[in-house]
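J.: Take this structure, written in structure tokens, and hold onto it; I'll ask about it next.
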Amino acid sequence: MTPGIVFDVRSFERVGSTSDELRALARNGAAHGTVVCADEQLFGRGRQGRPWFSAPGNLYLSVLLRAALPIRRSAELAFVAGLAVADAVDAALPSGSRAQLKWPNDVQIDGAKVAGVLVERADGDEDTVSCILGIGVNVGHAPSGLPYPATCLCEHGGASVTATRERVLAAIATRWDQWLRDGFGAVRADWLGRGPRPSAPLRVSLPDGAVDGTFAGLDAEGALLLHTASGTRRFIAGDVVALPSTAVGSAGHG
Ligand code: BTN
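Here the sequence shown stands for residues 3 to 256, where the numbers follow the numbering used here.
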């Protein structure tokens, strides 16, 4: 396949969650590049403990990545993975169209979510990055009844689940190499090329309320920076939504 990672793909018809299957393999010493994919998940999960609707027809895939790097660098993989999935989605879109990223790693087409990434720790010590990237791509159908717009590749030119899986894995290998070779700064720069435009009005929802402001970039660790009426604020968690351009004044509020 592509340089950097030799993938060992294990395919299943139906599992609880591909990430749980992969964690069990990791605990038994599975190697960097082990992949679990399934046609269907019974208990697919998304970020913040939300369910991930996982009927047949979409891509459900988890990849084990290991590196001899400090554990604190694991957070950077959320951006590596999001970018890789966006690269893979681009390949299925009509030429000239590009997927966008919503912090930290939702992949969108024209503002509707087409793919999500859940990064979890697999095992290892303080000197090891050992993570499971769980990736779901809406290929043949988009779930309905969600609190945000969703779409699928089938609404944008289309692709098969198999082709999408190959593209996602190839893109992960490429972005993984970039991360190891050029560092997080290069990944962050590419993320920003697909992220909100500078000063875009955003709302960050947290368990204790929402903060409105304007996009001020990502810091060196990937935290979201927002200009608000009370100064620049830094977020390491939260749900982000784009607001209409008239919604927030130049200094923001919140
Ligand atoms: C999100 O909330 O956006 C992340 C969704 C991640 C879903 C994928 S599907 C494959 C893997 N297995 C899971 O249970 N979740 C991830």
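From the three backbone atoms N, C-alpha and C, an ideal C-beta is built for every residue, glycine too.
For D112, is the classification buried or exposed, using 16 other Cβ atoms within 10 angstroms of its Cβ as the cut-off for buried?
T.: When all chains shown are included, D112 counts as exposed.
J.: Do L227 and A239 have their C-beta atoms within less than 7 angstroms of each other?
T.: In this structure, A239 does not lie closer than 7 angstroms to L227 by Cβ.
J.: What does DSSP give as the partner residues of A69 in its beta bridges?
T.: Beta-bridge pairing links A69 to V131.
J.: Would you kindly work out how many angstroms separate the C-alpha atoms of R177 and E78, rounded to a whole number?
T.: R177 and E78: Cα-Cα distance of roughly 12 angstroms.
J.: Buried or exposed, going by whether 16 or more other CB atoms sit within 10 Å of the CB of L220?
T.: So L220 ends up on the buried side.
J.: Under the three-state reduction of DSSP, which class applies to F237: helix, strand or coil?
T.: DSSP places F237 in strand when its eight states are reduced to three.
J.: Less than 7 angstroms between the C-beta atoms of W193 and L71, yes or no?
T.: Taking 7 angstroms as the Cβ cut-off, W193 and L71 do not qualify as a contacting pair.
J.: Have a look at V87, H229, T36 and V91 and flag the residue whose alpha-carbon is nearest the alpha-carbon of A124.
T.: Nearest C-alpha to A124: T36.
J.: I'd like the list of long-range same chain contacts for S201, defined as Cβ closer than 7 angstroms, with 5 residues on each side in sequence excluded.
T.: Same-chain partners within the cutoff: T216 and F217.
J.: Go through its chain and collect everything with a Cβ distance to C39's Cβ below 8 angstroms, but skip five positions before and after it.
T.: Cβ neighbours of C39 beyond the five flanking positions: V11, R12, S13, F14, T20, L61, Y62, L63, S64 and R167.
J.: Below 8 angstroms on the Cβ atoms is my guess for V141 versus L120; work out the distance and round it to an integer in Å.
T.: With 8 angstroms as the limit, V141 and L120 do not qualify as a contact, their Cβ atoms being about 18 angstroms apart.
J.: Per DSSP, which one or two residues make a beta bridge with Q110?
T.: Answer by DSSP bridge pairing, in chain order: Q102 and K115.
J.: Any heavy atom of the ligand BTN within a distance shorter than 6 angstroms of the CB on L155?
T.: No, the ligand BTN has no heavy atom inside 6 angstroms of this Cβ.
J.: Mind pulling the beta strand (DSSP E) runs of 3 or more residues that sit fully within the stretch 167 to 241?
T.: As far as the stretch 167 to 241 is concerned, its whole beta strand (DSSP E) runs of at least 3 residues are 203 to 208, 211 to 220, 226 to 230 and 233 to 237.
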